[in-house]
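S.K.: Just so you know, the working numbering puts 937 at position 287 of the sequence shown, and the rest follows in order with no gaps.
The structure's right below; bear with me while I get my questions together.
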Amino acid sequence: MSSSAWHALPQRGHLTRLLSSCSCSPAARLPALAPHSQQQPAPSKLKRCLHTSHAHAHAHAHAHAHDNDAQMTVPHRALVSVHGPQTVKLLQGLLTCNVAPAAFTIDAPPPPLAPEQAAPPPLLYGAFLQPSGRMLAPVFLHPHPQRSRLSQETDGEAVVLDLDERNLEEVMHHIRRFKLRSKVKLDAQHFNKQWRVHAHLALDQSQASSLRAAGAAAARDARTPQMGHRLLVQAERGNDDTGDAHTVHRYLQGVGEGPIEFVPGASLPLEVNVDWMGGVDYKKGCYVGQELTARTHHTGVVRKRVVPITLYDPQLGPPSEHAYDPSFDATTTSGADVRSTGASSSSSSSSSAARGRSAGRLLGSIHNVGLALLRLEQVHRTLLAPGAENALEMSVQTQDGKTLGVRPWIPYWWPEHAKKAEASGE
């Protein structure tokens, strides 16, 4: 197998070329839903943003299917091997998703490769919750790549948990707290030395076959249609470079992942979109933290959600599209207060922004793109035309006291009822 198949991270010069193909789809850009967004922005750094149409984005991504740029390291990941006769039973009682035994049985053969044009299967995605119902950590569940070896040692099921390394200690303590005498073995230290997590934005079936032949595992990241694929790569074939490519890709998609965006003990799973990313099964049996999640779902009241945002110079007005601009220079603080004011107010004034009311908080940003936890009612009002009654603008303060505009977006992959609310400004 050629070394290019294992290339982990695009070089800085390639990053904007790669991410320009991954900016949000036209549905996320919303020109038809937000009349003021049809304006062309004044000349600025944002004018140099790289963006493509939805159709071109897919064509561009597939053009990179055999290019080193399409594969990247996923930073801050930890892997935990969980195996034994009661693995699924234990995880089923701890996770928001439905953990089916058939997918993780040790003595089952690897799933057959799909036809040539088919994509690799989706990964199971869910979350560990605290007993209060608040987030502990989101997690992917991979079929174990060493199940044939494990079948000689034990029976039952084998799973690889893919989670943020900054949550690892808390998650291991959480599992052990409920494991008790369950016949389950946990291995984080040894397994992390053997494997790495990569992402691929345009994996085709022939590449998936090559990866499997080389001992890797590939599956579709189904959180959004454009998240690509997630790979388990043997450590000696990957690298440990932790650049920003995958984080920027997530920000463009409106996908949170780590403890900065999913704050343990504070975030609610529905506020961080775990439900809309396929991570909550409302039909499964009881699990730790279920009560608050189920009650929130059935009442239908979720007032805040994580949304993608674009930072911009208020003097130049909000951008017309959500696209990554590496030339935009701003240093923000995670947790900074995002404030809203009437669209007729001067958003260039820091005193005006300070007098506005809180719309939520900034979770993280890289150059001009990021994520924020915002009140949906105020998000919808930022999408009204300037001059419309109740229209709002949002802003945030940088570390050096500068005021930046905050343009939120409704992701294209959100349910239709959310987009309808956005279109009407409700």
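Glycine is no exception: its CB is placed at the ideal position from the N, C-alpha and C atoms.
#1: In angstroms, rounded to a whole number, what distance separates the CA positions of Gln690 and His972?
#2: Let me confirm a value: Ser1015 is counted as buried when at least 16 other C-beta atoms fall within 10 Å, else exposed. Which label applies?
#3: Have a look at His1067, Ala852, Ser1045 and flag the residue whose alpha-carbon is nearest the alpha-carbon of Gln965.
#4: What first and last residue would you give for the beta strand (DSSP E) that runs through Glu1043?
#5: At the level of alpha carbons, what is the spacing between Gly908 and Leu773?
#6: Could you tell me which residues DSSP pairs with Gly987 in its beta bridges?
#7: By alpha-carbon positions, which one of Tyr1062, Trp1064, Trp926, Tyr962 ends up nearest to Thr1048?
#8: Is it the case that the Cβ atoms of Arg989 and Gly1006 are separated by a distance below 8 Å?
#9: Does His726 come out as helix, strand or coil in the three-state DSSP assignment?
#10: By Cβ distance, which residues of its chain are closer than 8 Å to Ile756, with the 5 residues on each side in sequence left out?
#11: Could you check the C-alpha separation between His712 and Ala852 for me, to the nearest Å?
#12: Using a threshold of 8 Å, state whether the C-beta atoms of Leu1023 and Val956 are closer than that.
#13: Kindly confirm or deny that the region 785–793 and the region 918–937 touch, where touching means at least three C-beta pairs closer than 8 Å.
#14: DSSP beta-bridge partners for Thr1032?
#15: On the three-state DSSP scale, how would you describe Ile1060?
#16: With H, G and I counted as helix, E and B as strand and the rest as coil, what does DSSP make of Met822?
#17: Just to confirm my understanding: we take Gln780, look at its own chain, exclude 5 residues before and 5 after, and list those with CB closer than 7 Å. What are they?
#18: Check this for me: beta carbons of Arg727 and Val847, under 8 Å apart or not?
#19: Return the residue from the list Leu729, Phe778, Thr723, Arg1031 that minimises the CA-CA distance to Gln742.
#20: For Leu1042 versus Gly992, is the C-beta distance shorter than 8 Å?
#21: Starting from the N-terminal side, write out each stretch of the alpha helix (DSSP H) that is 4 residues or longer and does not extend beyond the region 777–816.
#22: If we ignore side chains and look at the alpha-carbon of each, how far apart do Asp837 and Asp987 end up?
#23: With three or more C-beta pairs closer than 8 Å as the rule, is the region 745–754 touching the region 826–837?
#24: Could you give the C-beta distance for Leu1021 and Ile959, rounded to a whole number, given that I count them as a contact under 8 Å?
#25: For the beta strand (DSSP E) that Arg846 lies in, which residues bound it at each end?
#26: Using 8 Å as the threshold, is the C-beta distance between Gln721 and His850 below it?
#27: Cα-Cα, which of Tyr937, Pro771, Gly928 is closest to His824?
#28: Just the Cα atoms here: how many angstroms apart are Glu815 and Ser1008?
#29: With a CB to CB cut of under 7 Å and the five nearest residues on each side skipped, what residues in its chain are close to Arg900?
#30: Beta strand (DSSP E) containing Ala895: first to last residue?
#31: So, under 8 Å CB-CB, Leu1106 and Val1019 are touching, yes? Tell me the CB distance rounded to an integer number of Å.
#32: Assuming Leu729 and Asp812 are in contact, meaning their beta carbons sit under 8 Å apart, how far apart are those beta carbons, in whole angstroms?
#33: Which first and last residues belong to the beta strand (DSSP E) in which Val738 is found?
#34: Verify whether the separation of the beta carbon atoms of Gly928 and Ala867 is less than 8 Å.
#35: For the beta strand (DSSP E) holding Leu1023, just list the boundary residues, first then last.
#36: DSSP on Lys835, reduced to helix/strand/coil?
M.R.: Reading from the atomic positions:
#1: Low confidence applies here, because Gln690 scores a pLDDT of 32, under 50, leaving its location unreliable; read the following figure in that light. Gln690 and His972: Cα-Cα distance of roughly 13 Å.
#2: buried
#3: Checking every option, the nearest Cα to that of Gln965 belongs to Ser1045.
#4: 1042–1047
#5: Gly908 and Leu773 have their alpha carbons spaced roughly 18 Å apart.
#6: One point to set straight first is that residue 987 is Asp, not Gly, in the sequence displayed. BP columns for Asp987 point to Arg1011.
#7: Thr1048 has its Cα closest to that of Tyr962, out of Tyr1062, Trp1064, Trp926, Tyr962.
#8: Against a cut-off of 8 Å, the Cβ pair of Gly1006 and Arg989 comes out as a contact.
#9: coil
#10: His733, His794, Arg797, Leu800, Ser801, Thr804, Asp805, Gly806, Glu807, Ala808
#11: Residue placement at His712 is flagged as unreliable, the pLDDT there being 33, under the threshold of 50; a coordinate-derived value is accordingly withheld.
#12: Cβ distance < 8 Å, so Leu1023 and Val956 count as in contact.
#13: yes
#14: Thr1032 pairs with nothing; no bridge assigned.
#15: coil
#16: Taken through DSSP and simplified to helix, strand or coil, Met822 comes out as helix.
#17: Leu786, Gly915, Gly939
#18: yes
#19: Phe778
#20: yes
#21: 797–800
#22: Between Asp837 and Asp987, the C-alpha separation is close to 40 Å.
#23: Too few Cβ pairs lie closer than 8 Å, so no.
#24: 7 Å
#25: 845–850
#26: It is a contact, given that the beta carbons lie within the stated cut-off.
#27: Considering only alpha carbons, the answer is Tyr937.
#28: Rounded to whole angstroms, the separation of the alpha carbons of Ser1008 and Glu815 is 31 Å.
#29: For Arg900, the CB contacts under 7 Å within the same chain, skipping 5 residues up- and downstream, are Glu907 in chain order.
#30: Residue range 895–903 is occupied by the alpha helix (DSSP H) that includes Ala895, with no beta strand (DSSP E) assigned at that position.
#31: Because the chain spans 651 through 1076 in this model, residue 1106 falls outside it and cannot be assessed.
#32: Contact between Leu729 and Asp812 is confirmed by a C-beta separation of about 6 Å, below the 8 Å threshold.
#33: Where Val738 is concerned, there is no enclosing beta strand (DSSP E), although the alpha helix (DSSP H) it sits in stretches over 737–742.
#34: Cβ distance not < 8 Å, so Gly928 and Ala867 don't count as in contact.
#35: 1019–1025
#36: strand
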